[in-house]
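I have placed the structure first, in the form of structure tokens, so that the comments after it can refer back to it.
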Amino acid sequence: MDNKTLSGIDVPDKSDASMSPSVADQPQAGVYPFTRGVYPTMYRGRKWTMRQYSGFSTAEETNKRFHLLLERGQTGLSTAFDLPTQMGLDSDDPLSEGEVGKVGVAIDTVEDMKQLFKGIDLSKISTSMTINAPAMILLAMYAVTAEESGVDPKLISGTIQNDILKEYVARGTYIFPPEPSMRLITDIFEYCSENYPKFNTISISGYHIREAGSTAVQEIAFTLANAREYVRAALRTGMDIDKFAPRLSFFFNAHNDFLEEVAKFRAARRMWATMMKEEFGAKNEKSMKLRFHTQTGGSTLTAQQPENNIVRVTLQALSAVMGGTQSLHTNSMDEALALPTDKAATIALRTQQIIAEESGVPNFIDPFGGSYYMEWLTDKLETEARALIKQVEDIGVLEAINQGFIQREIQESAFQYQLSIDKKERIIVGVNSYIQEEEDTYDLLTVDESVRDDQVHKLKEIKEKRDNAAVKEILQKLESAAKGSDNLFPIVLEAVRRRASIGEISGTLRKVWGKYQAPITI
């Protein structure tokens, strides 16, 4: 990277205190509490991972999109699963009708997973998977895919979302009640710390909390409250904090208020570091570093004048980079209308590449550090987020979810935000102001209804060819183990190897644990 401005001015190696009196008392990037960044050199050492979120139709179709984006410069994979997969249902389940392959790729067995990553070396690419309730099953499928393609599973890297608490408050793709769901998460922490040491075992998500209508303060507060609960759950099993905490990661939204978003990332980083060191006694600095993926705000995209979304996404992506993100997904301009086309997905990727290669922003660490407004706003967000976390802690995180407290807080914020748009107190270009007659038409991506028929046919073939007695045996073993306290991951792994489907594995656990019923919060 050429560390000069366009005028030829050398950019300093570090954002040190001598540059501005206002940063004199702040530790630098890579130093606790990491307000300015988790690594000393940040993007001067290595750019963020460009990880475009992709998944639709069948594994074959999504595999083509993966290869297209990799050829065009994407540096990591991010997988979107369809709704049945997210809910632990097979494609032939009656509840899956009308949803197979629609909002993501359909995955029934490990054979689909193998097709999804065909021609991709899993030892050389990191993969993020947005999967929560059945996260253990999908990670097991990914590991078996690596294993059966000749890759040592210890070499696989990436992230599973695996954040069930935010599903109860914001997103809704839960299956089991909170207690057994938390067990699945801690079982993953424990198993992966020994067997998949390069894999991030959770991506604690503020993104979906923000998409549901929260403020930036609520996004920080509820995300870190959930994170604390996961840490406590792991500690209760006897795990050492520095054994699992370095593989915890986060997932945040980049919304429209540019400077507030930069401050939000800085505040969250400092709060996490302080929590891990002072509250949980972490000794390893890696346990204190809040490493996060960012996605630009899907809820900010408009169906009206969709080209405007390119500008929104650019500003949001820039705020994530200014805030020190470790990886980034930029939304496509047509996502308020349909799944992204190849062209729209490429423009979204090019947006990141232009920021990385042409803007000069990555040359300097924490460019806004020392700005009187940025430092004030970072402190203000932290103060307000801490106050909200205390409210949740006074109730208890799980109890706050069961009572619907967090849900109501988010719903009220969403209502107030929409009210401000309706009253034109907040301007959304092309929606409540600067409106124009729509003349352009757009080529939109559609998923053929035959996708479900194809998936059902493949699943039927697999069930006919596999050793069904062996599948029955392992599912019975899983049912028995679910009633006890042993780690379930090795059993799920074996079930996947024997070609048990996601619906069969989830259904076995559902038989033991039941389904979660959400409280009425209106």
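Sequential numbering from 1240 applies to the sequence shown in our numbering.
All C-beta atoms, glycine included, are put in the ideal place defined by N, C-alpha and C.
- If you draw a 10 Å sphere on the C-beta of D1426, you find 16 or more other C-beta atoms in it, and that means buried.
- DSSP places N1492 in the uninterrupted beta strand (DSSP E) bounded by 1487–1493.
- Excluding residues up to 5 positions away in sequence, N1242, K1243, T1244, N1602, F1603 lie with their Cβ nearer than 7 Å to the Cβ of V1250 in the same chain.
- Taking C-beta atoms as the reference points, F1320 and G1337 fail to come closer than 8 Å.
- Annotation: V1670 to T1454 spans about 21 Å, alpha carbon to alpha carbon.
- Taken in chain order, the whole beta strand (DSSP E) runs of length 3 or more contained in the stretch 1638–1703 number zero.
- In this chain, the beta strand (DSSP E) harbouring M1289 covers 1288–1293.
- By the beta-carbon neighbour count (other beta carbons within 10 angstroms, threshold 16), T1622 is exposed.
- Scanning its chain for C-beta atoms nearer than 6 Å, with the 5 sequence neighbours on each side dropped, one finds around L1334 the residues L1328, in chain order.
- Short of 7 Å from the beta carbon of G1746, and not among the five residues preceding or following it, lies no beta carbon of its own chain.
- Partner residues in the beta bridge of I1399, as assigned by DSSP, are M1368.
- About 12 Å separates the beta carbons of N1371 and T1398, which is beyond the 8 Å limit, so they are not a contact pair.
- Annotated three-state conformation of Q1267 is coil, per DSSP.
- Assignment of K1341 by DSSP, reduced to helix, strand and coil, places it in the coil class.
- For S1317, the enclosing beta strand (DSSP E) starts and ends at 1315–1319.
- Taking C-beta atoms as the reference points, S1296 and L1308 fail to come closer than 8 Å.
- Residue burial annotation: H1532 is buried, with at least 16 other C-beta atoms found within 10 angstroms of its C-beta.
- Beta-carbon to beta-carbon, Y1469 and I1443 are separated by about 7 Å, close enough to satisfy the 8 Å threshold.
- Counting along the chain, the unbroken alpha helix (DSSP H) around S1526 starts and ends at 1524–1527.
- Around the CB of N1548, 16 or more other CB atoms lie within 10 Å, so the residue is classed as buried.
- Looking at L1717, R1275, M1478, the one whose alpha-carbon comes closest to that of C1431 is M1478.
- In the DSSP assignment, I1443 falls within the beta strand (DSSP E) that extends over 1441–1444.
- For the pair R1736 and R1705, the CB atoms are not nearer than the 8 Å cut-off.
- Counted as a single uninterrupted DSSP element, the beta strand (DSSP E) harbouring L1567 occupies residues 1566–1568.
- Within the DSSP bridge table, the entry for H1306 names no partner.
- With the rule of 3 Cβ pairs closer than 8 Å, the stretch 1515–1532 counts as touching the stretch 1277–1290.
- Between Y1446 and Q1555, the C-beta spacing is not below 8 Å.
- Three or more Cβ pairs closer than 8 Å define a contact, and the stretch 1564–1579 falls short of that threshold against the stretch 1600–1620.
- Residue pairing by DSSP places K1243 opposite D1249 in a beta bridge.
- Cβ-Cβ separation between D1682 and T1580: approximately 6 Å, consistent with a contact (criterion under 8 Å).
- Annotation: E1299 to T1324 spans about 16 Å, alpha carbon to alpha carbon.
- Fewer than three pairs of CB atoms, one per stretch, sit closer than 8 Å, so the stretch 1480–1500 makes no contact with the stretch 1638–1657.
- In the pairwise beta carbon analysis, the stretch 1408–1424 is classified as touching the stretch 1741–1757: at least three pairs are separated by under 8 Å.
- Counting the other CB atoms within 10 Å of its CB gives P1485 a total of 16 or more, which places it among the buried residues.
- In the structure shown, the three-state DSSP call for Q1756 is coil.
- Contact between Y1435 and A1382 holds, with the beta-carbon distance rounding to 7 Å and staying under 8 Å.
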